[in-house]
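Just so you know, the sequence shown maps onto residues 111 to 480 in this note's numbering.
The beta-carbon is built from N, C-alpha and C at its ideal position, and this holds for glycine as well.
It should be emphasised that the depicted structure is a prediction, and the values quoted were computed from it without experimental measurement.
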Amino acid sequence: MGSPRKSSASSMVKAVFDHLDSNGWHGFTVGINDDVTHKSISVKEEIDTEQEGIARCKFWGYGSDGTVSANKSAIKIIGESTDLFVQGYFQYDSNKSGGYTVSHLRFGKKPIQSEYLLNKVDFVALHRPQYIGQYDILEGITEGGTFLINSSQKPENIFRLFTRDMQETIWKKKIKVFAIDASTEIKELVPAGSGEFADLVIDPILRLKGDTIPVSRMPLNGAVPTGTKKLEYRGVPGNPAIWIDKLDFVKEPYIAEPYIEYPPSCSGCGEVPYIHLVTQLYGDRMMIANATCCTSIYGGTFPTIPYTKDSKGKGPAWANSLFEDNAEYGFGMRMAVDSNRKQLKTNVIALIPLLNNAPLRNALERSDVI
Ligand code: SF4
């Protein structure tokens, strides 16, 4: 239980004890749907172990919009200047800018013992209305809870912005809805359907429903398609992908196209132009052993990848070894390539005398392989 970063909620802990109480077997998992080994135990009941009198607030924002900083300041001020106990958990995706953020805050008069993300919420604030329909914004909201949305729409038009599910939740749970216009214009590009991996893996993860993906949908060899970052293009002003695209020299026809697009680095990151350039020079035959650092985060974070391929299907192959042995890791890749070439040469030399096709034989004799 408890793979890294996976929240282990009380309901899962209860499921483990129930399992042990009913002559449970070893080697099980909880919190995932392992339809390959079938060793997952199910979480049958949702329990609420939150203490009485705790106010629970969730804020949906996007990277670099100030939501997280503001919430950190708020809990600091409240913690220092009132007699309330406070807690803040901050959930991000790995994009350095423009990704989603969710701030989970608790306030109460007694020490807070819930060491997990909120699964029940009394107050939800949505700073980016474009998330409606993408994320389950009102998930876990309590009866009579409050929903605050940042929107430039007139009050009479706000309700129709919501999905049917949201509208039903608001009606059934008697949610109080407030709107405030504090927005700047953000562009949105809705991901288009783009193959099975995009539909079955990328899409649910981008909707924060990755926990529902069964194990069998994971690639057997760990390889994932490249060129998928565009599916979550966020249109965040200042994203390097946008200003790089705008540079005239990139658009000159005699300059090679880069094999990277929309890397979610910090705005203005100085590394991106170098990556851009090196892919223009070698991208169609490039293998990248990426040391662990910012470039490994915005260069190859599951499930979307900014490295791309061309119309011939050629583009960088990318991998990251996680630990500080990247030189050895890259050296291993080099040795594998050398070994494959040596094997190919051996096979071609053995094949040539057997060939009746003279042009093919001549071509092989003159080729780089031998
Ligand atoms: S290297 Fe780039 S992505 Fe990383 S922190 Fe610096 S500016 Fe941000």
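Which of helix, strand or coil DSSP assigns to residue i
i: H237; result: coil
i: T211; result: strand
i: R444; result: helix
i: S150; result: strand
i: M328; result: coil
i: E253; result: strand
i: F307; result: helix
i: I370; result: strand
i: C167; result: strand
i: V458; result: helix
i: K356; result: In this prediction, K356 has a pLDDT of 46, which is less than 50 and means its spatial position is unreliable; what the coordinates show is noted afterwards. Note: K356 maps to helix in three-state DSSP.
i: D232; result: strand
i: V382; result: helix
i: T279; result: helix
i: N267; result: helix
i: F482; result: For residue 482 there is no data in the structure shown, the boundaries of the chain being 111 and 480.
i: I242; result: strand
i: V123; result: helix
i: V388; result: helix
i: G320; result: helix
i: Y226; result: coil
i: T338; result: coil
i: I296; result: In this predicted model, I296 has a pLDDT of only 41, less than 50, meaning its place in the structure is not dependable; the value taken from the coordinates is given anyway. Here I296 sits in coil by DSSP.
Cut-off 6 Å between Cβ atoms - residues of its own chain near residue i, not counting five sequence neighbours on either side
i: R238; result: Y172
i: G348; result: With a pLDDT of 41 at G348, under the threshold of 50, the modelled position of that residue is not reliable, and the figure given next carries that caveat. Taken in chain order, the residues that qualify are S377.
i: P335; result: F307
i: A427; result: M397
i: G485; result: Here the chain covers residues 111 to 480 and nothing more, so residue 485 does not appear.
i: Y408; result: K206, P373, P374 and S375
i: L258; result: A235 and F288
i: S174; result: S207
i: G254; result: K284
Pair within 8 Å by beta-carbon distance, residue i and residue j
i: M396; j: T389; result: yes
i: K154; j: F138; result: no
i: D144; j: V287; result: no
i: T481; j: F272; result: This structure does not reach residue 481, given that the chain is present from 111 up to 480, and the question cannot be answered.
i: L194; j: I187; result: no
i: K282; j: L228; result: no
i: Q197; j: V212; result: no
i: A473; j: M443; result: no
i: G209; j: P374; result: yes
i: I268; j: S262; result: no
i: I151; j: H136; result: no
i: L310; j: R327; result: yes
i: D291; j: G141; result: no
i: T414; j: E475; result: no
i: T411; j: S204; result: yes
i: G440; j: D394; result: no
i: E156; j: S191; result: no
Residues near residue i in its chain [Cβ-Cβ closer than 7 Å; skip 5 each side]
i: K230; result: D158, E160, R166, G250 and T252
i: R471; result: I462 and L465
i: E371; result: K339, K340, A351, P416 and T418
i: T279; result: L248, I251 and I285
i: V123; result: none
i: A184; result: none
i: I312; result: T338, L341, P413 and T414
Cβ shell of residue i (< 8 Å), same chain only, five flanking positions each side left out
i: T402; result: N430, S431, L432, F433, E434 and N436
i: I242; result: L236, L271, F272, T273 and M276
i: Q244; result: L316 and R317
DSSP bridge partner residues for residue i (one or two, in chain order)
i: V178; result: According to DSSP, V178 bridges with nothing at all.
i: A201; result: Looking at the sequence provided, one finds Gln at residue 201 rather than Ala. Looking at the DSSP assignment, Q201 forms a beta bridge with V212.
i: M397; result: A427
i: K286; result: T256
i: F433; result: Paired residue(s): none; F433 is not in a bridge.
i: F217; result: A165 and V196
i: T405; result: For T405, which the question treats as bridged, DSSP gives no partner whatsoever.
i: T139; result: S150
i: Y439; result: BP columns for Y439 are empty, so no partner.
Check: residue i C-beta below 7 Å from any heavy atom of ligand 2
i: C404; result: Looking for ligand 2 in the displayed structure turns up nothing; the ligands present are ligand 1.
Can at least three beta-carbon pairs, one atom from the segment 173-188 and one from the segment 382-393, be found at a separation below 8 Å?
-> no
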